[in-house]
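Trainee: Residue numbering for the sequence shown follows the numbering used here, beginning at 3 and increasing consecutively.
The beta carbon of each residue, even a glycine, is placed where N, CA and C say it ideally should be.
Small disclaimer: the values here were computed from a predicted structure and weren't measured.
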Amino acid sequence: MSAATTQPIGRLDTQCDGCQLFPFVGPIFCSTRVAGFVLCTACGTSGKWTPSHGPFDIVPDDQPASLRSNATCNGCSRVIDDGVGFVSTTTFDFALCRTCEGSQKWTATHGPFERQQFLSPDVRFDAQCDGCQMFPFVGTLFSSSRVAGFVLCAGCHRTDKWQHSHGPFNVVPPASSHVVLDSQCDGCSHMLDGVGYVSTKHFNFHLCVACERSGKWMEDGAPFLPMEFRRDEQRMPLPKAICHGCDAKIYTFVSKNAVGFTICGACDLSGKYELLHGPFHDEFYWTLGKLI
Numbered sequence: 003m004s005a006a007t008t009q010p011i012g013r014l015d016t017q018c019d020g021c022q023l024f025p026f027v028g029p030i031f032c033s034t035r036v037a038g039f040v041l042c043t044a045c046g047t048s049g050k051w052t053p054s055h056g057p058f059d060i061v062p063d064d065q066p067a068s069l070r071s072n073a074t075c076n077g078c079s080r081v082i083d084d085g086v087g088f089v090s091t092t093t094f095d096f097a098l099c100r101t102c103e104g105s106q107k108w109t110a111t112h113g114p115f116e117r118q119q120f121l122s123p124d125v126r127f128d129a130q131c132d133g134c135q136m137f138p139f140v141g142t143l144f145s146s147s148r149v150a151g152f153v154l155c156a157g158c159h160r161t162d163k164w165q166h167s168h169g170p171f172n173v174v175p176p177a178s179s180h181v182v183l184d185s186q187c188d189g190c191s192h193m194l195d196g197v198g199y200v201s202t203k204h205f206n207f208h209l210c211v212a213c214e215r216s217g218k219w220m221e222d223g224a225p226f227l228p229m230e231f232r233r234d235e236q237r238m239p240l241p242k243a244i245c246h247g248c249d250a251k252i253y254t255f256v257s258k259n260a261v262g263f264t265i266c267g268a269c270d271l272s273g274k275y276e277l278l279h280g281p282f283h284d285e286f287y288w289t290l291g292k293l294i
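Written out as structure tokens, the structure is:
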């Protein structure tokens, strides 16, 4: 296998649409009118593209690049599905799988290459198996047609344990990209827009760049992966239960009695169902660290 570069100068995830600067250096001027149109500092401050593409949002140069997902090898045209790819440091948007990079066939024309982590198309961060709690979710996703938000992995689905209570199940098509849930930062509660961090340990636990860099939550949710939170692609999480007290949708944890009477946190705190239906116990669908 050919040697990969250590640390390229600049970013490999973007290229200036004005002067074709690559690797990209400095703040990113992102058009608010034309999606995906970006400029370097020189082109962004020249004023040339302001009438047609301005105004521009300026992304700091220290904002991390999100991991690439569902990438196709430019050598063999196969999906890079093992989590590792090799990105050209001389040609924008040119990536190879392990085999093609190892052949050195493209080294002279597109090398050197930088080894980078890629997101496998078989891994999902927008779902957690309600049977075995598998997260990140790997493989085929089966969704209950009777209980909204109840999903199973292939292994749990094969057991037929939930067929009577939650079946039949529908196969959810693979995501075209790594969609993340509409979310606030679990550190500072600010809405996430742009690059943020997804916990690979806790379902639906996200951090903004500043909170991730603080290191405060490393013990809870580490490791974190940088991913893009795009408002136009985000979706709300499906509820895990309906409160029998106020009919509210429950997204996190519930209080439940011995016969299955379920109430949300607000109804539990009110105490008005304790006499007729208590005692209640907390049933966590996720640990406290997984709350949005």
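1. Taking the C-alpha atoms as reference points, what is the distance between Ser-105 and Thr-52?
2. Can we say the region 151-170 touches the region 184-196, given the rule of at least three CB pairs closer than 8 Å?
3. Cα separation between Gln-186 and Val-197?
4. Which same chain residues, not among the five before or five after Phe-26, have their C-beta less than 7 Å away from its C-beta?
5. Measure from the alpha carbon of Gly-280 to the alpha carbon of each residue in Ala-268, Ala-260, Cys-75 and Ser-272, then state which is nearest.
6. Would you mind reading off the limits of the alpha helix (DSSP H) that contains Ser-68?
7. So which of Asp-195, Arg-80, Ala-44 and Cys-245 has the shortest CA-CA distance to Gly-28?
8. Buried or exposed for Asn-206, going by 16 or more other Cβ atoms inside 10 Å?
9. Find out if the Cβ-Cβ distance for the pair Phe-171, Ser-147 is shorter than 8 Å.
10. Please return the same chain residues whose Cβ sits closer than 6 Å to the Cβ of Met-136, not counting the five positions on each side in sequence.
11. Spell out the partners DSSP gives Phe-88 in its beta bridges.
12. Within 10 angstroms of its Cβ, does His-283 collect 16 or more other Cβ (buried), or is it exposed?
13. In whole angstroms, give me the CA-to-CA distance for Ser-90 and Leu-98.
14. Out of Ala-67, Gly-217, Arg-117 and Leu-194, which has the shortest C-alpha to C-alpha gap to His-208?
15. What are the complete alpha helix (DSSP H) segments, minimum 4 residues, inside the region 131-162?
16. Please confirm whether Asp-128 and Phe-152 have their CB atoms less than 8 Å apart.
17. How close, in whole Å, do the beta carbons of Val-86 and Arg-117 come, if the pair is a contact with beta carbons under 8 Å?
18. So, at 7 Å on beta carbons, what are the nonlocal neighbours of Arg-215 in its own chain, with the 5 sequence-adjacent residues on each side left out?
19. Mapping the DSSP letters down to three states, classify Ser-33 as helix, strand or coil.
20. Please classify Ala-243: does DSSP put it in a helix, a strand, or coil?
21. With 8 Å as the threshold, decide whether the Cβ of Thr-47 is near any Cβ in chain C.
22. Considering only the beta carbon of each residue, do Phe-120 and Glu-103 sit closer than 8 Å?
23. Which two residues bound the contiguous beta strand (DSSP E) that contains Val-197?
24. From Gly-66 to Tyr-275, what distance separates their C-alpha atoms?
25. Might you give, ordered along the chain, the residues of its own chain that have their beta carbon closer than 8 Å to the beta carbon of Phe-231, omitting 5 neighbours on each side?
26. Got a sec? Which residues, its chain only, sit under 6 Å from Gly-20 by beta carbon, not counting five neighbours each side?
27. At a cut-off of 7 Å, would you count Gly-262 as near the ligand FMN, judging by its Cβ distance to the nearest heavy atom?
28. Roughly how many angstroms separate the alpha carbons of Asp-84 and Val-36, rounded to a whole number?
29. Could you give the DSSP three-state label for Val-261: helix, strand or coil?
Mentor: Result, derived from the coordinates:
1. Ser-105 and Thr-52: Cα-Cα distance of roughly 44 Å.
2. Taking 8 Å as the limit for Cβ pairs, the verdict is that the region 184-196 does not touch the region 151-170.
3. Near 12 Å, if we compare the C-alpha coordinates of Val-197 and Gln-186.
4. If you ignore the 5 residues before and after Phe-26, its C-beta comes within less than 7 Å of the C-beta of Gly-12, Arg-13, Thr-16, Gln-17, Cys-18 and Cys-42, all in its own chain and listed in chain order.
5. When each option's Cα is compared against that of Gly-280, the closest is Ala-260.
6. No alpha helix (DSSP H) holds Ser-68; DSSP gives it neither H nor E.
7. Looking at the Cα atoms, Ala-44 is the closest of the given residues.
8. Its Cβ being crowded by 16 or more others within 10 Å, Asn-206 is buried.
9. In contact: Phe-171 and Ser-147 (Cβ atoms closer than 8 Å).
10. Excluding residues within five positions, the ones whose Cβ falls inside 6 Å are Cys-155.
11. In the DSSP assignment, the residues bridged to Phe-88 are Leu-98 and Arg-117.
12. So His-283 ends up on the exposed side.
13. Each residue's alpha carbon lies about 8 Å from the other.
14. Comparing alpha carbon positions, the residue from Ala-67, Gly-217, Arg-117 and Leu-194 closest to His-208 is Leu-194.
15. Entirely contained in the region 131-162, the alpha helix (DSSP H) runs reaching 4 residues are, in chain order, 156-160.
16. For Asp-128 and Phe-152, no; Cβs fall outside 8 Å.
17. That belief holds up - the Cβ atoms of Val-86 and Arg-117 are roughly 7 Å apart, short of 8 Å.
18. Short of 7 Å from the beta carbon of Arg-215, and not among the five residues preceding or following it, lies no beta carbon of its own chain.
19. Strand.
20. DSSP places Ala-243 in strand when its eight states are reduced to three.
21. Considering every chain present, this structure includes no chain C. It has just one protein chain.
22. For the pair Phe-120 and Glu-103, the CB atoms are not nearer than the 8 Å cut-off.
23. Val-197 -> beta strand (DSSP E) spans 196-201.
24. Per the sequence shown, residue 66 should be read as Pro rather than Gly. Cα to Cα, the separation comes out at about 48 Å.
25. Non-local C-beta neighbours of Phe-231 in its own chain, meaning closer than 8 Å and more than five positions away in sequence, comprise Val-182, Ser-185, Leu-194, Asp-195, Gly-196, Val-197, Gly-198 and His-208, ordered along the chain.
26. Only Leu-41 and Cys-45 meet the Cβ criterion.
27. As far as ligands go, the structure on display features none, and thus does not contain the ligand FMN.
28. Taken atom to atom, the span from the alpha-carbon of Asp-84 to that of Val-36 is near 33 Å.
29. It is coil, neither helix nor strand.
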